[in-house]
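Here's the structure, in structure tokens; my notes come after.
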Amino acid sequence: MQSKPEPRQKVWWRAMLGLCALSAALSAAIGCATWNPYNQKKWAEQEKKYGPSFPTRQEQMRALAVEIPSMPPDQQKKKADELTIQLRAESNALMRAEITQVLGVIPGPESLSGLKIAVKDADSHVRMAACKGLGLHGSAEAAAVLAQTLGSDSDLDVQLAATRALGETQGPQAIAGLGLALEDGNPALQYRAMQSMKNVSEEDFGNDVTKWREFARRTTPVDGETAIAAQPSASGTFR
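All the letters of the sequence shown, read from the start, carry residue numbers 131 to 369 under my numbering.
Structure follows, in structure tokens:
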């Protein structure tokens, strides 16, 4: 007597369980290789000969980011100066992004100098990290740098990062920068700008782009020091 075929759903679940088991086995194998004493010894020898590997340096930077807020101001200043020097000399873009993230949690003008360098980096991930750090600073100077970045950087991810960070700052520079994003034709950038506008102003026009634009035009200063002019690109959006 021929047996009945298994229901399709049962076969699907059995296949999924098999894939999960295979994934777990692969993860275990990778984990064993990572924690293999021989590999650990080999990596230690390589680091001794060639210097710290990227994972080691990354771990050091992330540990430093946790430690820095509790350091005394003079030590924070010293670290900011050291990190800015490292940032200038670092050839690895991923490492520059890590350094920039640490600079972002250090208050004061010393770290702001490093973030100004990072926000003009050739790598977009470094520039995005710089935008986040400038937002953490929250100062009028940081807002001005973010607004300039928003008006000059052509990378959408960086523009979004700058727009989000401007929402953490205050003052006319923030509104001027967000006004640029509101004039852009990209709906994602417009939406992010409206959310940030709610944070930096006492107004709430919901998602009405027209009203937010009018508010930005009324509020944006027109003097030469703080006014920021958008530079249209060939596509019609600012650059």
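Using N, Cα and C, we set each Cβ at its ideal position, and we do this for glycine too. Quantities reported herein were computed from a predicted structural model and do not represent experimental measurements.
Assigned secondary structure, residue 254 (DSSP; H/G/I helix, E/B strand, else coil) | Annotated three-state conformation of residue 254 is helix, per DSSP.
What does a CB cutoff of less than 8 Å around residue 300 pick up in its chain, not counting 5 residues either side in sequence?
-> Around residue 300: 268, 270, 273 and 330.
Rounded C-alpha distance that separates residue 345 from residue 306 | Spanning the two alpha carbons is a distance of roughly 10 Å.
Taking Cβ to Cβ, would you say residue 220 is nearer than 8 Å to residue 229?
-> A contact, by the Cβ cut-off of 8 Å.
Kindly indicate the opening and closing residues of the alpha helix (DSSP H) around residue 282.
-> Counting along the chain, the unbroken alpha helix (DSSP H) around residue 282 starts and ends at 270–282.
Just confirm the distance between the C-beta atoms of residue 374 and residue 290, as a whole number of angstroms; I'd bet it's less than 8 Å.
-> Because the chain spans 131 through 369 in this model, residue 374 falls outside it and cannot be assessed.
Helix, strand or coil at residue 339 according to DSSP, with G and I counted as helix | Three-state result, residue 339: helix.
Any chance you could list the alpha helix (DSSP H) runs of at least 4 consecutive residues sitting entirely within the region 290–317, in chain order?
-> Qualifying alpha helix (DSSP H) stretches, in chain order: 302–313.
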